[in-house]
Structures are given as structure tokens and as C-alpha cells.
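Take a look at the structure set out below.
Chains as they are written, first to last, in this note's numbering: chain R, 5 to 128; chain G, 183 to 311.
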């Protein structure tokens, strides 16, 4: 159980850090590299902003104890966001190096999800 | 319980109709769908991705059981519809009511379907115990 707890916290913190950094970047960081990536995957800025709000709300839901139903939705949202992002990169023909990181986070969010259920086993 | 079941099925079928509506248009490569994607600055592949997700979601709703998967489907459909509404509301473009209606009705039906789904799920779980 202790190992599961450690795995849960590491994966969850990494996922939250990634999500919050991405949300922060959408609103506050404007770099030529970032613009290049956005132009490549052709995602309009307003969509990124909407996703950034979703990411912050998801992070709040995951950090606050309890509310299993809302956490379930947060995990679903994070999974769709990351899997969708991976799809975007692949669909626009980006090299593996650019989306490997995204795919890694898809795995990480699933690790967090399954360890979360092992620890809490909440009833839906 | 019978009324709940009827409301569940009517709302769920309407949700499925709304979801398959865009998916079919995407896969049929209709011109107005492509023009619409361009208008809202969506890359073409985005609708393909969403349409695949919608079809998978519909399948998951129709197969009995798997409450964990169904929960994610309801989450995904909500994000999709709320996202679409935010997109319409936040866009500088003005969209006709005809485009708004299916989304608003879809979201309302989704909420009703979700609530009745959980009522039925809870009832069957207590029955088993």
C-alpha cells in the first residue's frame, strides 16, 4: 500500500505540474517556439484558453479531498485533453520527439487514476 | 421507476442523435461542415478526432454495464457540448439560432440522461444487495 501511495503522489504531482504549467503558459508565456508549435498543430488561441481554464479547474478538483464524482470527471477531462493533444501532434505529422512527452503524460495520468482507485476505491 | 426509465431512454436517444449528427456530417465530408471548421479556425482533423470520440461514446452508452466507462462518456460529452457553447458564445462571429439549438437541447438532454442514469444505477445496486 505504501508503494502505491508513493506512485500515486509522484504521478499526480507530475500531472498537476504539467497541467498548471501548460495553463500558465497559455496565459502568460509568449515565445516564438510556443507560437511555432501552435501554428503547426493549428489550434486557435481561444481554444487553448478554454482548455487552460479546464486544466486549472481539474487541478483544484484533484487537490481538494473527497468529491469522488468530480475527481472522476477531472481524470476523464485530463485524459481526453492529453490523448487529444497527442492525437493533434500525430495528425499534423509532428516527429515522435515532439509528442512522446505528451504520450508519456497520458500514461502518467492513467497511473495516477488507477493508483487513486486502489487507494480510495470510492463508489460512483 | 418506469417513468424514470422512459425519461432516461428518451433523453439518452436524443443525446445520441445530437452526437451522431456531427459525426456523420464529418465523415460524409459535407462542404458546409468544412466551411464551418474554417470559420471557427478549427483544423480539419479536429472534427475527425471529436467524431471518433463521439461514436465511441455512443457505443459505450448503448452497451449495458461498465458504469466506470459510462461515467467518462458523460464527462466527455459534457466537455464537448459545454466547449461548443463556450466557443459559440466567446467567438466574435455571430451564429444563427439554428446552430445553437441542438447544442443547448443536447446539453439539457445530457443532464437529464445523466441524472436518470444514476437513479436507475442506484436502484439496481440496492436491488442486488
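Note that CB positions come from ideal geometry on N, CA and C, so glycine has one too.
Note that the structure is predicted; figures quoted are calculated from it, not measured.
Proximity test, Cβ basis, 8 Å: residue i and chain G
i, result
"residue 7 of chain R", "no"
"residue 54 of chain R", "yes"
"residue 126 of chain R", "Note that residue 126 of chain R scores 49 on pLDDT, short of 50, meaning its location in the model is unreliable and no value can be drawn from it."
"residue 80 of chain R", "yes"
"residue 88 of chain R", "yes"
Supposed contact pair residue j and residue i - C-beta distance, whole angstroms, cut 8 Å
i, j, result
"residue 54 of chain R", "residue 268 of chain G", "6 Å"
"residue 33 of chain R", "residue 92 of chain R", "Going by Cβ atoms, the distance from residue 33 of chain R to residue 92 of chain R rounds to 19 Å, so no, they are not a contact pair."
"residue 106 of chain R", "residue 86 of chain R", "6 Å"
"residue 114 of chain R", "residue 66 of chain R", "Going by Cβ atoms, the distance from residue 114 of chain R to residue 66 of chain R rounds to 14 Å, so no, they are not a contact pair."
"residue 254 of chain G", "residue 80 of chain R", "4 Å"
"residue 252 of chain G", "residue 243 of chain G", "6 Å"
"residue 59 of chain R", "residue 26 of chain R", "6 Å"
7 Å CB neighbourhood of residue i in its chain, flanking five on each side removed
i, result
"residue 294 of chain G", "189, 193"
"residue 235 of chain G", "258"
"residue 18 of chain R", "112"
"residue 205 of chain G", "233, 236, 237"
"residue 89 of chain R", "106"
Cβ shell of residue i (< 8 Å), same chain only, five flanking positions each side left out
i, result
"residue 284 of chain G", "200, 203"
"residue 228 of chain G", "219"
"residue 241 of chain G", "none"
"residue 270 of chain G", "277, 281, 282, 285"
Contact with chain R by residue i, beta-carbon distance below 8 Å
i, result
"residue 261 of chain G", "yes"
"residue 258 of chain G", "yes"
"residue 272 of chain G", "yes"
Beta carbon proximity, residue i to chain B, threshold 8 Å
i, result
"residue 225 of chain G", "Of the protein chains in this structure, namely R and G, none is chain B."
Neighbourhood of residue i by C-beta distance below 6 Å, restricted to the same chain and skipping five residues each side
i, result
"residue 23 of chain R", "59, 63"
Exercise for the section: Can you check the segment 188 to 250 of chain G for any alpha helix (DSSP H) of at least 4 residues that lies completely inside it and give the ranges in chain order? Expected result: 213 to 221, 226 to 244
Handout entry: Residues from the segment 229 to 255 of chain G in contact with chain R, defined by Cβ distance under 8 Å
Key = 230, 231, 235, 249, 250, 253, 254
Exercise for the section: Give the residues from the segment 58 to 75 of chain R that approach chain G closer than 7 Å (Cβ to any Cβ), ordered along the chain. Expected result: none
Practice task
Pull out every residue of the segment 88 to 118 of chain R whose Cβ sits closer than 8 Å to any Cβ of chain G, in chain order.
Solution key: Per Cβ criterion, the list reads 88, 91, 92, 95, 96.
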